[in-house]
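Contents: one structure, followed by commentary.
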Amino acid sequence: MVDYAGIINTLIQDYPDAVAVVITDPSSNILYQTGNWDVSRDIGRVMSSWRTGNAQFVMLQDVKYSIIQMEPERLIATNFKRQGHLVGAQSPGGEAYIIAYISPDAEAWNHTAYPSIARAAAMISGASHTTGVTVTGVTQSASLGAAQAGQSSVDPALKAEIEAFLQWIKDPQGLPGYVSYYLQQNDTYTISQLAQIYNEFRRIFNF
Numbered sequence: 009m010v011d012y013a014g015i016i017n018t019l020i021q022d023y024p025d026a027v028a029v030v031i032t033d034p035s036s037n038i039l040y041q042t043g044n045w046d047v048s049r050d051i052g053r054v055m056s057s058w059r060t061g062n063a064q065f066v067m068l069q070d071v072k073y074s075i076i077q078m079e080p081e082r083l084i085a086t087n088f089k090r091q092g093h094l095v096g097a098q099s100p101g102g103e104a105y106i107i108a109y110i111s112p113d114a115e116a117w118n119h120t121a122y123p124s125i126a127r128a129a130a131m132i133s134g135a136s137h138t139t140g141v142t143v144t145g146v147t148q149s150a151s152l153g154a155a156q157a158g159q160s161s162v163d164p165a166l167k168a169e170i171e172a173f174l175q176w177i178k179d180p181q182g183l184p185g186y187v188s189y190y191l192q193q194n195d196t197y198t199i200s201q202l203a204q205i206y207n208e209f210r211r212i213f214n215f
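Numbering (my numbering), first residue to last: 9 to 215.
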């Protein structure tokens, strides 16, 4: 019998910004959820959207989360009004799905949350806590940018992340949505940071 509570406790210890968690089976039946999060009303629609893979947003507890990534093994979504984020992972065996609510104050959440949640999902299939995370068929147990010894080619995991980043740039619900939101909010700090990043891109690509 799977110790869902133990797995989620380990996840929250690893990544404290995962403040609420639900585990479902492939039919959207709830196998476990933390006591601070009742998503029974909406989880069926969220899981249906995840399985079809073509939604631009999902609604959970009357909060709209715009999709950043939606793959069979991964769900990443955010609320542009700073009401938090959703990050999900499928277990390697496909017998369960984990979705975590991520604190709106979490830093670099769209890069740091998924590995911990994917490890928890792997534990459902019997993997150990130290199992590496698979990203688009490539195991990452260290930095995405770490190249194999003696190789000069681009790390496949890093390449996959950059390809996903390019799709996010093109998606109106991705980077353009973020930029529009912060412009509307007149967030001078974020806009100044974006300007610095833009200048760095210009320096790298010489345009």
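All residues carry an ideal CB built from backbone N, CA and C; glycine is no exception. Given the structure is predicted, the values throughout are model-derived calculations rather than measurements.
For residue i and residue j, I'd like the C-alpha separation in whole angstroms.
i      : j      : result
Thr42  : Val29  : 6 Å
Ile20  : Gln98  : 17 Å
Ala114 : Gly96  : 16 Å
Lys72  : Phe215 : 37 Å
Ala126 : Ala13  : 16 Å
Met9   : Asp33  : 14 Å
Ile107 : Gly52  : 12 Å
Trp58  : Thr196 : 35 Å
Asp202 : Arg49  : Correcting the residue identity first, residue 202 is Leu in this sequence and not Asp. Straight-line Cα distance between these residues: approximately 38 Å.
Arg82  : Leu174 : 17 Å
Ser111 : His93  : 7 Å
His119 : Ile177 : 16 Å
Tyr186 : Tyr206 : 15 Å
Arg210 : Gln204 : 10 Å
Gln181 : Ala172 : 14 Å
Asn62  : Asp179 : 12 Å
Ile199 : Leu183 : 13 Å
Ser56  : Gln77  : 15 Å
Thr18  : Asp11  : 11 Å
Ser35  : Glu79  : 17 Å
Ile212 : Gln192 : 29 Å
Thr60  : Tyr40  : 23 Å
Assuming residue i and residue j form a contact by the criterion Cβ under 8 Å, report the distance between their Cβ atoms to the nearest whole angstrom.
i      : j      : result
Ile75  : Gln64  : 6 Å
Tyr109 : Val27  : 6 Å
Ile170 : Tyr122 : Not quite, the Cβ-Cβ distance comes to about 16 Å (not below 8 Å), so this is no contact.
Ala128 : Ile16  : 7 Å
Starting from residue i, follow the alpha helix (DSSP H) in both directions and report where the run begins and ends.
i      : result
Val10  : Run containing Val10: none; DSSP gives neither H nor E here.
Gln181 : Counting along the chain, Gln181 falls outside any alpha helix (DSSP H), and DSSP gives it neither H nor E.
Gln201 : 196-213
Could you check which residue in the options has the C-alpha nearest to that of residue i?
i      : options                        : result
Ser133 : Tyr122, His119, Tyr105         : Tyr105
Asp25  : Ala116, Gln201, Glu81          : Ala116
Ile38  : Glu103, Tyr189, Thr18          : Glu103
Asp70  : Lys89, Asp11, Gln77            : Lys89
Met67  : Pro80, Val47, Glu79, Thr60     : Val47
Asp22  : Ser200, Pro100, Ser124, Leu183 : Ser124
Tyr190 : Glu79, Thr18, Gln77, Asn87     : Asn87
Trp45  : Leu183, Ile31, Gln77, Gln193   : Ile31
Pro100 : Ser188, Gln77, Met78, Met131   : Met131
Output the residue ranges of the alpha helix (DSSP H) runs that lie fully inside the stretch 30-118 and measure 4 residues or longer, sorted by chain position. Fully enclosed alpha helix (DSSP H) runs of 4 or longer: 51-60.
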